[in-house]
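Colleague: Sharing a structure with you now.
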Amino acid sequence: MMPTENRTVQFKIYRYDPDRDAKPYMQDISVELDVTDRKLLDAMVRLKVKDDSLSFRRSCREGVCGSDAMNINGKNGLACLTDMSTFPVGKPIVLRPLPGLPVIRDLVVDMTQFFKQYHSIKPYLVNNDPLPEKERLQSPEDREELNGLYECILCACCTTACPSFWWNPDKFVGPAGLLAAYRFIADTRDQATTERLDNLEDPYRLFRCHSIMNCVDVCPKNLNPTKAIGKIKEMMLQRAI
Amino acid sequence: MNYSVRKFDAVIVGAGGAGLRAAIQLSEAGMKTAVLTKVFPTRSHTVAAQGGVAASLGNSEEDHWHWHMYDTVKGSDWLGDQDAIEFMVRNANECVIELEHYGMPFDRLDNGRIYQRPFGGHMSNFGEKPVRRSCAAADRTGHAMLHAMYQRNVKVNTQFFVEWQALDLVRDEAGEVLGVTAMDMETGEIVVFHAKATIFATGGAGRIYYSSTNAFINTGDGVGMAARAGIPLEDMEFWQFHPTGVAGAGVLITEGVRGEGGILRNAQGERFMERYAPNAKDLASRDVVSRAMVTEINEGRGCGPNKDFVLLDVTHLAPETILKRLPGIHEIAIQFAGVDCLKEPIPVVPTCHYQMGGIPTNYLGQVVVPQGDQKSVPVPGFYAAGECACASVHGANRLGTNSLLDLLVFGKSAGETAVKELKTGGRSHKPLPAAAIDKTLARVDRLNNQKDGADVHETRLAMQRTMQKHAGVFRFKDMLAEGVEKILAIDAQVAQTQIKDKSKVFNTARIEALELDNLIEVAKATIVSANARTESRGAHVRDDALDVPETPNGRDDKNWLKHSLWYREGNRLDYKSVQLKPMTVDTIELKKRAY
Ligand SMILES: Cc1cc2nc3c(=O)[nH]c(=O)nc-3n(C[C@H](O)[C@H](O)[C@H](O)COP(=O)(O)OP(=O)(O)OC[C@H]3O[C@@H](n4cnc5c(N)ncnc54)[C@H](O)[C@@H]3O)c2cc1C
Ligand code: SF4
Ligand code: SF4
Ligand code: FES
Numbered sequence: 001m002m003p004t005e006n007r008t009v010q011f012k013i014y015r016y017d018p019d020r021d022a023k024p025y026m027q028d029i030s031v032e033l034d035v036t037d038r039k040l041l042d043a044m045v046r047l048k049v050k051d052d053s054l055s056f057r058r059s060c061r062e063g064v065c066g067s068d069a070m071n072i073n074g075k076n077g078l079a080c081l082t083d084m085s086t087f088p089v090g091k092p093i094v095l096r097p098l099p100g101l102p103v104i105r106d107l108v109v110d111m112t113q114f115f116k117q118y119h120s121i122k123p124y125l126v127n128n129d130p131l132p133e134k135e136r137l138q139s140p141e142d143r144e145e146l147n148g149l150y151e152c153i154l155c156a157c158c159t160t161a162c163p164s165f166w167w168n169p170d171k172f173v174g175p176a177g178l179l180a181a182y183r184f185i186a187d188t189r190d191q192a193t194t195e196r197l198d199n200l201e202d203p204y205r206l207f208r209c210h211s212i213m214n215c216v217d218v219c220p221k222n223l224n225p226t227k228a229i230g231k232i233k234e235m236m237l238q239r240a241i
Numbered sequence: 242m243n244y245s246v247r248k249f250d251a252v253i254v255g256a257g258g259a260g261l262r263a264a265i266q267l268s269e270a271g272m273k274t275a276v277l278t279k280v281f282p283t284r285s286h287t288v289a290a291q292g293g294v295a296a297s298l299g300n301s302e303e304d305h306w307h308w309h310m311y312d313t314v315k316g317s318d319w320l321g322d323q324d325a326i327e328f329m330v331r332n333a334n335e336c337v338i339e340l341e342h343y344g345m346p347f348d349r350l351d352n353g354r355i356y357q358r359p360f361g362g363h364m365s366n367f368g369e370k371p372v373r374r375s376c377a378a379a380d381r382t383g384h385a386m387l388h389a390m391y392q393r394n395v396k397v398n399t400q401f402f403v404e405w406q407a408l409d410l411v412r413d414e415a416g417e418v419l420g421v422t423a424m425d426m427e428t429g430e431i432v433v434f435h436a437k438a439t440i441f442a443t444g445g446a447g448r449i450y451y452s453s454t455n456a457f458i459n460t461g462d463g464v465g466m467a468a469r470a471g472i473p474l475e476d477m478e479f480w481q482f483h484p485t486g487v488a489g490a491g492v493l494i495t496e497g498v499r500g501e502g503g504i505l506r507n508a509q510g511e512r513f514m515e516r517y518a519p520n521a522k523d524l525a526s527r528d529v530v531s532r533a534m535v536t537e538i539n540e541g542r543g544c545g546p547n548k549d550f551v552l553l554d555v556t557h558l559a560p561e562t563i564l565k566r567l568p569g570i571h572e573i574a575i576q577f578a579g580v581d582c583l584k585e586p587i588p589v590v591p592t593c594h595y596q597m598g599g600i601p602t603n604y605l606g607q608v609v610v611p612q613g614d615q616k617s618v619p620v621p622g623f624y625a626a627g628e629c630a631c632a633s634v635h636g637a638n639r640l641g642t643n644s645l646l647d648l649l650v651f652g653k654s655a656g657e658t659a660v661k662e663l664k665t666g667g668r669s670h671k672p673l674p675a676a677a678i679d680k681t682l683a684r685v686d687r688l689n690n691q692k693d694g695a696d697v698h699e700t701r702l703a704m705q706r707t708m709q710k711h712a713g714v715f716r717f718k719d720m721l722a723e724g725v726e727k728i729l730a731i732d733a734q735v736a737q738t739q740i741k742d743k744s745k746v747f748n749t750a751r752i753e754a755l756e757l758d759n760l761i762e763v764a765k766a767t768i769v770s771a772n773a774r775t776e777s778r779g780a781h782v783r784d785d786a787l788d789v790p791e792t793p794n795g796r797d798d799k800n801w802l803k804h805s806l807w808y809r810e811g812n813r814l815d816y817k818s819v820q821l822k823p824m825t826v827d828t829i830e831l832k833k834r835a836y
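Chains A and B are the protein sequences, given in the same order.
Residue numbering for the first sequence follows the working numbering, starting at 1 and increasing by one per position.
Residue numbering for the second sequence follows the working numbering, starting at 242 and increasing by one per position.
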């Protein structure tokens, strides 16, 4: 239920400005919310009015752009899809940057490694046939294979919740990248399955995933990278036989 | 002052649909290109587009580009340029097919072809009955499209400058465009991007209104930069209010919901659109539906305790249809309206959605301005496409799904024109004027040194509330005049905004203050142009324009069948005629607009 009066909410927020702070610290700050402030992002926008030095990314405010991923009370998620009513009353809300990536400032992390892994799987359709004049045909059933894969918003909630990525960010592709790899493998229009599997045939790139499922647990779009990873592993095994 | 300069053949500002489409063209042609973007490309607001992209593929039933053209001209209330419109609809099929070839996961029909759904204002046989023309990927068309185009750019090795905010356009004495100044958000460093061709694809400015379907980053930067550099802005009084924003939240519910059979109801449960548009009903053009909703609310038939919204009902549709074709809407309704739309209707209100006006361009993507006695002379080296540009294909009111089409067709043609001009040696690196970066430094220095200034948040809010109240769905003569005064007063405050945080690294307070400089230009252009246009046309409807035989629906073709051009300097207006002559077919003759 929506609260009917304004209320004050306490926060503990990870703060770090490399130019000013020798090391990061946790800032205690509170803010009075309006009844219309429904989501965590609404509250953060209000916090920023109070302290304009607080830095975080945000854009769409509706869970489609993937900008405002952060660690919220210990769990990765999107601020714009996190309802204020889900927080226990009376306890401060603890906000930290996504774990496992270098911090640029406050809640803004350096995503270079995340995107490098995404790019490493060749995230584009490969089809070397001469281009037909019209669309390539695909049956509704074949198209359905892409559901649960193409909707990824590259927010990095999953990859930065994955212990295997924390230990080997330069070698392990991570759940988001592997989900994208399977998105192309599963596409009947793509012709590079062999190359895609070769690209992942390596002790680290794919096989560092130990099915711990942290990724599935945090994905704000309810996608299932572990399942996609399982399917790739299965294909690897099958072609080994 | 020392500053660093980077040289490119072309610089594209913006990596949404329009910027990415232009970039494909330049990268494939081997041009050294920099694409600047405030956010990682796939975070651009094109990602939020839901309903689809228009093309007369005719996959489900007979369709023809000429019908699409008729609908677009009629939708525009005859303010669209018919040459650009013909160009757009004739290139639609090719551009959509290209996307499919890039890998975009369109929904499919049983025969394997791209799925198409009906959408407001799109009709068969010159306005007869709704036609299935919107090519869709569930209700995530923009997401599917933007990711497919980003992926294509990865394939062709486009060079991106992610989280770089362009600040000002660089022009020389002769008025030629030589690139932009930009700030690396991560370090605060300012650089000149010196280019032979500069393409703006910075998207819309929906954030000038209080209630908007637009993202936080939609602050009209390109439009503001152009205005500050002396380029006039075209038709800025025309803003589309989308009928179905979630009441209170502003988040969009696509018109595709009505395309799939959703119905609007008032407090009495009545399907009121039957009274306003007997033919097209809930699928009438957006301005028509939005005004009908506001009329229902104003006449006391709104819903809820304050009678201030109406209901969008899909409970009569098969749950499978909703979950298959509109899965994102199901999520949005739960997240932002707190209702499960399978069981309950969704509370909706008209919400600011789309900027029809913008930087004036022709169908080649060149920016065109008045010069001497000519009204449309290309500015050398300057191109624009997408929502920031005004080609003008949407005129006084855009049809749904025509914007994603606009950014494909004109993103591509701007890219193509630039490539052609670069290849034929028509463009070189003209020397940068000595003062290339002065304007930008002055803005940044002022912010660093401002004392006792206006708060950025408060000033922006004042602007948004003023625009909402004085230049909304219905406009009133006195309110408009008063609104102009208020916005000019706010403009003076924007010139004195103050930020507390003066740091360098990822300073989002500074970014927001610099964005406000652009928003206010858009707000001024909008309200000044709206105040001057004393007729009703498309999305611009005012109380003193009477619906009499000489001016049907208040539209005054004798005096106002012309584009507005607003100049920042002197807050001045000029006008230019509408191109009524298409490229190959006959003119679509003026008619009273009814659905
Ligand atoms: C919720 C919603 C749903 C919609 N649904 C549909 C639909 O179904 N069909 C349809 O046809 N249309 C739809 N529209 C309209 C359509 O999506 C937009 O008009 C279109 O996507 C705009 O694309 P663009 O490329 O012009 O700009 P955007 O996608 O907004 O991209 C702008 C780019 O410019 C960059 N940028 C801006 N300023 C700067 C700067 N100063 N420096 C550097 N970079 C900058 C941004 O980072 C971004 O990359 C919808 C709009 C909304 C808001
Ligand atoms: S299932 Fe694999 S990818 Fe997902 S969190 Fe666990 S180890 Fe990482
Ligand atoms: S799989 Fe989910 S959590 Fe991971 S990047 Fe994509 S949307 Fe985010
Ligand atoms: S702001 Fe776009 S996902 Fe949250």
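Heads up, the beta-carbon is just placed ideally off N, CA and C, and yes, glycines get one too.
Nothing here was measured: the structure is a model prediction, and the numbers come from that model.
Leaving out five residues on either side along the sequence, give the residues of the same chain with a beta carbon under 7 Å from the beta carbon of Q138/A.
Modeller: Here residue 138/A refers to the residue found at position 138 of the first sequence. Excluding residues within five positions, the ones whose Cβ falls inside 7 Å are T188 and R189.
Colleague: Against chain B, with Cβ distances strictly below 7 Å, would R143/A count as a contact?
Modeller: To locate residue 143/A, count along the first sequence from 1; it is residue 143. Cβ-Cβ to chain B under 7 Å: yes for R143/A.
Colleague: Between which two residues does the beta strand (DSSP E) carrying P97/A extend?
Modeller: Mapped onto the first sequence, residue 97/A falls at position 97. Taken as a continuous stretch (DSSP letters only), P97/A belongs to no beta strand (DSSP E), as it is neither H nor E.
Colleague: Please name the residue, chosen from V216/A, L95/A, L107/A and I153/A, that lies closest to F11/A on a Cα-to-Cα basis.
Modeller: Position 11 of the first sequence, counting from 1, holds the residue named residue 11/A. Comparing Cα-Cα distances from F11/A to each of V216/A, L95/A, L107/A and I153/A, the minimum goes to L95/A.
Colleague: Using the Cα positions of M2/A and R38/A, report the straight-line distance between them to the nearest angstrom.
Modeller: One-based indexing of the first sequence puts residue 2/A at position 2. One-based indexing of the first sequence puts residue 38/A at position 38. Bear in mind that the predicted position of M2/A carries a pLDDT of just 49, short of 50, making it too unreliable to give a figure here.
Colleague: For P793/B, which residues in the same chain have their Cβ closer than 7 Å to its Cβ, ignoring the five residues on either side in sequence?
Modeller: Against the second sequence, residue 793/B aligns to sequence position 552. Excluding residues within five positions, the ones whose Cβ falls inside 7 Å are K833.
Colleague: Is the beta carbon of P220/A closer than 7 Å to that of L41/A?
Modeller: Here residue 41/A refers to the residue found at position 41 when the first sequence is read from its first residue. Here residue 220/A refers to the residue found at position 220 when the first sequence is read from its first residue. Contact flag unset, no.
Colleague: Does any C-beta atom of chain B lie closer than 7 Å to the C-beta of P123/A?
Modeller: Here the question's residue 123/A lines up with position 123 in the first sequence. Closer than 7 Å: yes.
Colleague: Quick check: is any heavy atom of ligand 2 less than 6 Å from the C-beta of T226/A?
Modeller: Position 226 of the first sequence, counted from the start, is the residue given in the question as residue 226/A. Flag set: Cβ of T226/A near ligand 2.
Colleague: Would a check of beta-carbon distances place V487/B closer than 7 Å to chain A?
Modeller: Taking the second sequence and counting its residues from 1, the one referred to as residue 487/B is at position 246. Output row for V487/B: interface = no.
Colleague: At what residues does the beta strand (DSSP E) containing D554/B begin and finish?
Modeller: The residue you call residue 554/B lines up with position 313 of the second sequence. Note, D554/B: beta strand (DSSP E), V551 to D554.
Colleague: According to DSSP, A249/B sits in a beta bridge with which residue or residues?
Modeller: To locate residue 249/B, count along the second sequence from 1; it is residue 8. In the sequence on display, residue 249/B carries Phe and not Ala. According to DSSP, F249/B bridges with A436/B.
Colleague: Can you tell me which residues form a DSSP beta bridge with H711/B?
Modeller: As a first step, residue 711/B is located in the second sequence; it is residue number 470 there, counting from the start. According to DSSP, H711/B bridges with nothing at all.
Colleague: Where C158/A and V590/B are concerned, what is the direct C-alpha to C-alpha distance, given to the nearest angstrom?
Modeller: Taking the first residue of the first sequence as position 1, residue 158/A is located at position 158. Taking the first residue of the second sequence as position 1, residue 590/B is located at position 349. Taking the straight line from one Cα to the other gives about 35 Å.
Colleague: Is it right to say A676/B is buried, meaning 16 or more other beta carbons lie within 10 angstroms of its own, or is it exposed?
Modeller: Start at 1 with the first residue of the second sequence, and residue 676/B comes out as number 435. Burial call: exposed.
Colleague: At which residues does the alpha helix (DSSP H) containing E762/B begin and terminate?
Modeller: Translated into the one-based positions of the second sequence, residue 762/B becomes position 521. Start and end: T749 to A773.
Colleague: For the putative contact between S633/B and G420/B, defined by C-beta atoms under 8 Å, what is the C-beta separation to the nearest angstrom?
Modeller: Within the second sequence, the letter at position 392 stands for residue 633/B. Within the second sequence, the letter at position 179 stands for residue 420/B. That pair is no contact at about 26 Å.
Colleague: On the three-state DSSP scale, how would you describe S30/A?
Modeller: Taking the first sequence and counting its residues from 1, one reaches residue 30/A at position 30. Three-state DSSP puts S30/A in a strand.
Colleague: Of all the options Q705/B, I570/B, L298/B and T562/B, which has the alpha carbon lying nearest to the alpha carbon of I761/B?
Modeller: For the purposes of this step, residue 761/B is taken as residue 520 along the second sequence, with counting starting at 1. When each option's Cα is compared against that of I761/B, the closest is Q705/B.
Colleague: Return yes when the Cβ of T602/B is within less than 7 Å of the Cβ of A630/B, no when it is not.
Modeller: Reading the second sequence from its first residue, position 389 is the one you call residue 630/B. Reading the second sequence from its first residue, position 361 is the one you call residue 602/B. It is a contact, given that the beta carbons lie within the stated cut-off.
Colleague: Would you say the beta carbon of H286/B is closer than 6 Å to some non-hydrogen atom of ligand 1?
Modeller: As a working note, residue 286/B is residue 45 in the second sequence. H286/B: yes, Cβ under 6 Å from ligand 1.
Colleague: Since A264/B and S285/B should fall inside the 8 Å C-beta cutoff, what is the C-beta to C-beta distance between them, to a whole number of angstroms?
Modeller: The sequence position of residue 264/B within the second sequence is 23, counting from 1. The sequence position of residue 285/B within the second sequence is 44, counting from 1. 12 Å between Cβ atoms; not a contact.
Colleague: By the three-class DSSP mapping on this structure, what secondary structure does K692/B have?
Modeller: Counted from its first residue, the second sequence places residue 692/B at position 451. Residue state, collapsed to three classes: coil.
Colleague: Please determine whether the Cβ atom of S526/B lies at a distance below 6 Å from any heavy atom of ligand 4.
Modeller: Within the second sequence, numbered from 1, the residue matching residue 526/B stands at position 285. S526/B: no, Cβ never under 6 Å from ligand 4.
Colleague: How is the beta strand (DSSP E) around Y836/B delimited, first residue to last?
Modeller: For the purposes of this step, residue 836/B is taken as the residue at position 595 of the second sequence. No beta strand (DSSP E) contains Y836/B, which DSSP labels as neither H nor E.
Colleague: For ligand 4, is there any heavy atom lying closer than 6 Å to the beta carbon of C80/A?
Modeller: Within the first sequence, residue 80/A is the residue found at index 80, counting from 1. It does: the Cβ of C80/A is within 6 Å (strictly closer) of some heavy atom of ligand 4.
Colleague: With three or more beta-carbon pairs closer than 8 Å as the criterion, would you say the region 497-516 of chain B touches the region 654-670 of chain B?
Modeller: With the cut-off at 8 Å, the region 497-516 of chain B and the region 654-670 of chain B do not touch.
Colleague: Could you give the distance in angstroms between the alpha-carbon of V551/B and the alpha-carbon of D528/B?
Modeller: If you number the second sequence from 1, residue 551/B lands on position 310. If you number the second sequence from 1, residue 528/B lands on position 287. Looking at the two C-alpha atoms, the distance is approximately 16 Å.
Colleague: In three-state DSSP terms, what is Y204/A?
Modeller: Position 204 of the first sequence, counting from 1, holds the residue named residue 204/A. Coil at Y204/A, not helix or strand.
Colleague: List the residues of chain B whose Cβ lies closer than 9 Å to the Cβ of H119/A, in chain order.
Modeller: In the first sequence, counting from the first residue as 1, residue 119/A sits at position 119. Here the neighbours are V395.
Colleague: So for M345/B, helix, strand or coil by DSSP?
Modeller: As a first step, residue 345/B must be located in the second sequence, where it is residue number 104. Reduced to three states, the DSSP call for M345/B is coil.
Colleague: Spell out whether any CB of chain A is found under 7 Å from the CB atom of P841/B.
Modeller: Not covered by the structure: residue 841/B. The range shown for chain B is 242 to 836.
Colleague: Got a sec: which bits of the region 588-605 of chain B sit with their beta carbon under 9 Å from any beta carbon on chain A, in order along the chain?
Modeller: Flagged: no residues at all.
Colleague: For I244/A and chain B, any beta-carbon pair shorter than 7 Å?
Modeller: Because chain A here runs from 1 to 241, residue 244/A falls outside it and cannot be looked at.
Colleague: With DSSP as the reference, identify every bridge partner of R706/B, one or two as the case may be.
Modeller: Against the second sequence, residue 706/B aligns to sequence position 465. In the DSSP output, where bridge partners are listed per residue, R706/B has none listed.
Colleague: Counting only Cβ-Cβ distances shorter than 9 Å, please list the residues of the region 354-378 of chain B near chain A, keeping chain order.
Modeller: So the list reads R354, I355, Y356 and A378, given in the order they occur along the chain.
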